[in-house]
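Let me begin by presenting the structure, written as structure tokens, before commenting on it.
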Amino acid sequence: MANAVQKITLASARDIPFNKLVLSQANVRRLKAGLSIEELAESIARRGLIQSLHVRAVLDAEGKESGMFEVPAGGRRYRALELLVKQKRLNKTAPVPCVLSEANDDILIEEVSLAENIERAPLHPLDQYRAFQAMREKGMSEEAIAAAFFVGVNIVKQRLRLASVSPALLDIYADDGMTLEQLMAFTVSQDHARQQQVWEAIRNGWQKEPYQIRRMLTETSVRASDKRALFVGIEAYEAAGGVVLRDLFQSDDGGWLQDVALLDRLAADKLKSAAEEIAAEGWKWIEVAVSLPYGVAYGLRELLGAAPELTEDERTAMEALQAERDKLENEYETAEELPEEIDRRLGEIETALENFEKRPLHYDPTEVARAGAFVSIAADGALSVDRGYVRPVDELPVTPEGEDASDCEAATAGPEETPAVQRAVITLGGAPAQPEEEEDEGIKPLPDRLLTELTAHRTLALRDAVANNPHIAMTALLHKLVSDNFLHTAGNGCLEANVRHVFFPAQTEELKDCPSAKSIDERRESWGDHIPADDETLWDWLAALDEGSRMALLAHCVSYGVNALFERPNPYGASGVTEHGLKNRMRQADRLARATGLDMVEAGWRPTVGNYLGRVTKARILEAVREGAGDRAAQMLEHLKKGDMAKEAERLLADCNWLPEPLRLDNPDADLLTESPAAADQGEDALPAFLADGGDDDEASEAEDDQSGVLAAE
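Letter 34 of the sequence shown, counting from 1, is numbered 279 in our numbering, and no numbers are missing.
Here's what the structure looks like:
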């Protein structure tokens, strides 16, 4: 006959007055951890005692119950109740629910205390997130939930955002199929279908880092720091129905704007509105673009405007601002760090004073009628307006001697014709995204257009370097002049000493905002403020300059003739540059770079998807990563598609100081020449390796840079 299973008996429960309870010295919890006693007391005051205390009777010297009970399990709850009693929010005789075990039980009291703490299963994070969501759906605000659980509102927002991820992904997380960091990355997007699509794409791969998930979810969006977003404004974008993706778990610089088409439309509308206001000033033409290329005003005559006189109120306001600025600077002259409000106020004052200086200049109305303006978006998102440029076709005809220029203009215009004000007609430009094409393995020559764009960066940096080194500029100028007059060498050298401003036929959008371009423009503006417009006055002014100023001005002017651009050589020499001439130009450019100590990394060039990595083959991308970040980094990218590979390569090479061969200071292949058929026919050396056989790529056939996004207005 089978033995009957022995039944267990549970300890009884009873209410014991609080003043009959004492904290047991056998409680194993010694260190403070988790919720504070104060917060637990507030929780008990709000929700009551959710979990009973475990107690045992205290025996006297004779082994009899003394009427007091010690608490081996539930010490923090006891202390929280004790705090409520001290605060007179709980009566000291209030009954406390307790589980009472036998005083002479065989189980040690320390065992009970330890088991009560270590057998408690922590709540799964997903259960907490879903509980927050349920409370939110039943009407509790995020602030109320935060107050109820003594956490910050942002913590509640984060938990609610996690609970809003696709249910399919939440189930995977619940089964430990992904990490909490990966789940957090999916909260960037609210599109459940896209979240699941990204997970399917990466779940079986090795690259499942949170940054990769965020990048894939935001690859079709625009950063809130983009100049278009800054120009339009997040509030205006959202008011128009745009969605902003936010990352509540990491700094996201304002998030990502999901609807790029809407952002472009809003930017175009705002630019058009600004252009119409400027056109009302009487300009003949307005050229508008999100980004204008560097050198857009090349070949145009710039009008000389006069600064408008300050009104009495404006002068008073400006003087008050200057006085306030001086006072604050004197008060905090010895402070190591300015108080936040003082720093903010000084910034406001500087902005207000700059606005006085940036007021539009006044121009001759007759000149305005034949001139125009450029309107674009600056790098910081501000509206950029550059007024007062006359195109060659709009210049007045040459006036015969003895005839009045105004009569000639009137005869040309007609008896009743007056200068017409034309409003800006804004059209959006830009090329559609090209599908990624399969490409042959191996390293192909760089396309001609890419070479021209890269060498445009180098040419601009060389100009800046030459302009900052008058001695080198003078040497280069003398070398060119002596070569032309005594050695009778052919043209196509690096320095065109007439001096002719060499324009870039191809350039990336970032060129005009690079440090070299800004340095050259600032230098030109500093000289332009002093150079007289009259020919005779200009001669006298130049003659009176000190030697240092003359050399600096000479260096600046000489620098505009620097031409280190790649051009497709013409083997027949009928027009353009010959293969020998191109080799000579590049060799001289290298010499100038070494002489000036030019470093394209210090000049601000970094490899990006737009300026290099997205324009070359996968083999060249891997070669760049291998050279800049190492073999292991290159191996990590080998399985990616070209678009993803280019983006990851940009991240890996951001701080590696890597440069493509055409931009390196010392080109080891510059003199390692191979024989080409054209060179063999002419008895000339072939081009360096990085210049040879380029031009068969699709990118080389592009007629113009569609990325400029120019909006024309005529």
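Where a beta carbon is used, it is the ideal one built from N, C-alpha and C, also for glycine.
With 16 as the cutoff for other CB atoms within 10 Å, does residue i come out buried or exposed?
{"i": "ARG589", "result": "exposed"}
{"i": "ALA258", "result": "exposed"}
{"i": "PRO455", "result": "buried"}
{"i": "ILE230", "result": "With the chain covering 246 to 959 only, the question about residue 230 has no answer from this structure."}
{"i": "HIS884", "result": "exposed"}
{"i": "ASN856", "result": "buried"}
{"i": "ARG877", "result": "exposed"}
{"i": "ALA325", "result": "buried"}
{"i": "TRP786", "result": "exposed"}
{"i": "ASP916", "result": "Because the pLDDT of ASP916 is 39, which lies under 50, any placement of that residue in the model is unreliable, and the number read from its coordinates should be weighed accordingly. Burial call: exposed."}
{"i": "ASP372", "result": "exposed"}
{"i": "VAL250", "result": "exposed"}
{"i": "ALA568", "result": "exposed"}
{"i": "LEU783", "result": "exposed"}
What whole-angstrom Cβ distance do residue i and residue j have, given they're in contact under 8 angstroms?
{"i": "VAL807", "j": "CYS739", "result": "7 angstroms"}
{"i": "ILE688", "j": "ARG865", "result": "6 angstroms"}
{"i": "PHE811", "j": "THR697", "result": "5 angstroms"}
{"i": "ALA624", "j": "ARG694", "result": "That belief does not hold up - the Cβ atoms of ALA624 and ARG694 are roughly 24 angstroms apart, past 8 angstroms."}
{"i": "ALA339", "j": "PHE263", "result": "5 angstroms"}
{"i": "VAL711", "j": "ALA797", "result": "About 12 angstroms separates the two Cβ atoms, so there is no contact after all."}
{"i": "VAL489", "j": "ALA469", "result": "7 angstroms"}
{"i": "TYR608", "j": "LEU548", "result": "5 angstroms"}
{"i": "GLY529", "j": "GLY617", "result": "For clarity, residue 529 is Lys in the given sequence; the question names Gly instead. That pair is a contact at about 6 angstroms."}
By the DSSP assignment, the beta strand (DSSP E) with residue i in it spans what residues?
{"i": "LEU266", "result": "266-268"}
{"i": "MET385", "result": "Neither: MET385 is in no beta strand (DSSP E) and is coded neither H nor E."}
{"i": "PHE619", "result": "617-622"}
{"i": "TYR634", "result": "628-635"}
{"i": "CYS802", "result": "Per DSSP, CYS802 belongs to no beta strand (DSSP E); it is in the alpha helix (DSSP H), 792-804."}
{"i": "ARG896", "result": "Looking at the DSSP string, ARG896 is not in any beta strand (DSSP E); the run it does join, the alpha helix (DSSP H), is 887-897."}
{"i": "VAL341", "result": "340-346"}
Who are the near neighbours of residue i in its chain, counting only those whose CB is closer than 8 angstroms to its CB and skipping five residues on each side?
{"i": "SER346", "result": "ALA256, HIS299, VAL300, ARG301, ILE352, VAL357"}
{"i": "MET385", "result": "ALA393"}
{"i": "GLN440", "result": "VAL410, SER411, LEU414, PHE431, SER434, LEU462"}
{"i": "ALA446", "result": "MET461"}
{"i": "ASP260", "result": "PRO340, VAL341, PRO342, CYS343"}
{"i": "VAL477", "result": "LEU508, LEU511, ALA512, LYS515"}
{"i": "GLU387", "result": "ARG381, VAL398, VAL401, LYS402, LEU405"}
{"i": "LEU328", "result": "ILE282, GLU283, ALA286"}
{"i": "ALA891", "result": "VAL854, LEU858, GLY859, ILE866"}
{"i": "ALA391", "result": "GLY397, VAL398, ILE400, VAL401"}
{"i": "GLN442", "result": "none"}
{"i": "GLU872", "result": "TRP903"}
Which first and last residues belong to the alpha helix (DSSP H) in which residue i is found?
{"i": "ARG813", "result": "Premise fails: ARG813 is in no alpha helix (DSSP H) and is neither H nor E."}
{"i": "HIS702", "result": "693-712"}
{"i": "ALA506", "result": "505-524"}
{"i": "ALA258", "result": "Not the alpha helix (DSSP H): ALA258 falls in the beta strand (DSSP E), residues 257-262."}
{"i": "VAL870", "result": "863-874"}
{"i": "GLY773", "result": "760-773"}
{"i": "GLY320", "result": "320-331"}
{"i": "LEU591", "result": "585-602"}
Residue j and residue i - do their beta-carbons sit closer together than 8 angstroms?
{"i": "LEU508", "j": "ARG473", "result": "yes"}
{"i": "LEU502", "j": "TYR634", "result": "no"}
{"i": "LEU405", "j": "PHE431", "result": "no"}
{"i": "SER761", "j": "GLY821", "result": "no"}
{"i": "ARG703", "j": "ALA809", "result": "yes"}
{"i": "GLN296", "j": "ARG334", "result": "no"}
{"i": "GLU895", "j": "THR862", "result": "no"}
{"i": "GLY527", "j": "PRO610", "result": "yes"}
{"i": "VAL505", "j": "VAL467", "result": "yes"}
{"i": "VAL620", "j": "ALA520", "result": "yes"}
{"i": "LEU598", "j": "LEU566", "result": "yes"}
{"i": "GLU893", "j": "LEU882", "result": "yes"}
{"i": "LYS265", "j": "GLY320", "result": "no"}
{"i": "ARG604", "j": "PRO553", "result": "yes"}
{"i": "LEU475", "j": "GLY626", "result": "yes"}
{"i": "VAL870", "j": "LEU897", "result": "yes"}
{"i": "ALA718", "j": "VAL803", "result": "yes"}
In chain order, what residues of the same chain have a beta carbon less than 6 angstroms from the beta carbon of residue i, not counting five sequence neighbours either side?
{"i": "ASP639", "result": "ARG615"}
{"i": "ASP938", "result": "For ASP938, the predicted structure reports a pLDDT of 44, less than 50, and the residue's modelled location is therefore unreliable. A value from the coordinates is still provided. Excluding positions up to five away in sequence, the list reads PRO690."}
{"i": "GLY628", "result": "A quick correction: the sequence has Leu, not Gly, at residue 628. Excluding positions up to five away in sequence, the list reads ALA519."}
{"i": "PHE601", "result": "MET563"}
Leaving out five residues before and five after residue i in sequence, what residues of the same chain have Cβ atoms less than 7 angstroms from its Cβ?
{"i": "ASP844", "result": "LEU910"}
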